[in-house]
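Colleague:
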Amino acid sequence: MGLIFLIAFFSFLIGSIPSGYLIGKTKGIDLKSTGSGNIGASNAYRVLGKKEALLTLLFDMAKGFIVVLCVEKIPFAQNLKEILVPVSIVSVVLGHDFSIFLKFKGGKGVATTYGSILIYSNYAYIGLLLWLIILKITKYASLASLLSFSITVLLVLIFETSIKVKITFLILLCLMIIRHFS
12 MGLIFLIAFF SFLIGSIPSG YLIGKTKGID LKSTGSGNIG ASNAYRVLGK
62 KEALLTLLFD MAKGFIVVLC VEKIPFAQNL KEILVPVSIV SVVLGHDFSI
112 FLKFKGGKGV ATTYGSILIY SNYAYIGLLL WLIILKITKY ASLASLLSFS
162 ITVLLVLIFE TSIKVKITFL ILLCLMIIRH FS
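Take 12 as the starting number for the sequence shown in our numbering and just add one per residue.
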């Protein structure tokens with residue numbers, strides 16, 4: 012039980028690193044008080060530009076990816092990994108959404124969500140492709156995020172056999188919806 016809390020804490024801490032906020036600060040801009048006030052790639056794009064938005068997107072995805080990769084590579088028993096990986100995924104996204112470095116304010120968790128599930132499920136790749144297509148058509152990142160991930164979760168619910176994967180994806184969708192409407 013202590014190991015689960017340790018992984019959750021470590022994952023939350025890594026997720027809490029506010030990439031977009033830090034990138035904005037290097038330019039003398041506080042993303043929390045500019046544009047939409049969000050610290051994610053969409054607001055970074057509007058306020059800082061393409062390069063900074065891409066860096067924000069990549070760093071936020073990398074947070075999730077690296078946390079899950081570390082948990083996957085540590086030689087735990089498989090039955091323990093089946094618990095620790097979902098815990099690390101949800102925790103890294105919670106850290107991004109409610110950063111301890113920003114008084115529990117954060118981003119919407121889209122990039123960190125996708126980064127964290129790339130190792131966990133092949134459905135993540137379908138979701139990312141859908142996100143790109145929807146963004147290209149609509150030009151609305153929030154719509155692309157919510158619609159692509161909702162479709163991804165629907166696919167997981169229909170085709171995935173693991174109840175742990177289904178529950179993890181449902182939790183991530185709930186977090187994404189909450190953050191988009193808060």
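C-beta: ideal position from N, C-alpha, C; glycine also.
Source: prediction; values computed, not measured.
Between GLY118 and SER156, what straight-line distance do the alpha-carbon atoms span, to the nearest angstrom?
Modeller: 13 Å
Colleague: Give the secondary structure of SER173 by DSSP, where H, G and I count as helix, E and B as strand, and everything else as coil.
Modeller: coil
Colleague: Roughly how many angstroms lie between the CA atoms of LEU184 and VAL103, to the nearest whole one?
Modeller: 14 Å
Colleague: Taking C-alpha atoms, which residue in THR163, GLY31, THR179, LEU17 lies nearest to LYS136?
Modeller: Lys is not the amino acid found at residue 136; the sequence shown has Tyr there. Closest option to TYR136, Cα to Cα, is THR163.
Colleague: So, at 6 Å on beta carbons, what are the nonlocal neighbours of THR124 in its own chain, with the 5 sequence-adjacent residues on each side left out?
Modeller: VAL104, LEU183
Colleague: Near ILE196, which residues of its chain fall below 6 Å by C-beta distance, leaving aside the five closest residues on each side in sequence?
Modeller: The displayed coordinates of the chain run from 12 to 193. Any statement about residue 196 would go beyond what the structure contains.
Colleague: If you count every other CB in all the chains shown that lies within 10 Å of the CB of MET187, and 16 or more means buried, which is it?
Modeller: buried
Colleague: Buried or exposed: ASN54, going by 16 or more other Cβ atoms within 10 Å of its Cβ?
Modeller: Buried, by the Cβ-count rule.
Colleague: Tell me whether the segment 137-145 and the segment 85-97 touch, counting them as touching only if at least three CB pairs, one residue from each stretch, are closer than 8 Å.
Modeller: no
Colleague: Assign GLY138 to buried or exposed, taking buried as 16 or more other Cβ atoms, counted over all protein chains shown, within 10 Å of its Cβ.
Modeller: buried
Colleague: Need the endpoints of the alpha helix (DSSP H) that ILE100 sits in, please.
Modeller: 89-108
Colleague: When you compare each of SER173, GLY120, ILE148 to PHE160 by their alpha carbons, which one comes out closest?
Modeller: GLY120
Colleague: Please report the distance separating the alpha-carbon of LEU165 from that of VAL176.
Modeller: 12 Å
Colleague: Is it true that the CB of ALA64 sits closer than 8 Å to the CB of ALA73?
Modeller: Taking a C-beta distance under 8 Å as the contact criterion, ALA73 and ALA64 do not qualify as a contact pair.
Colleague: Under the three-state reduction of DSSP, which class applies to LYS62: helix, strand or coil?
Modeller: helix
Colleague: Between VAL58 and VAL78, what straight-line distance do the alpha-carbon atoms span, to the nearest angstrom?
Modeller: 28 Å
Colleague: In the DSSP assignment, what residue or residues form a beta bridge with LYS116?
Modeller: SER110
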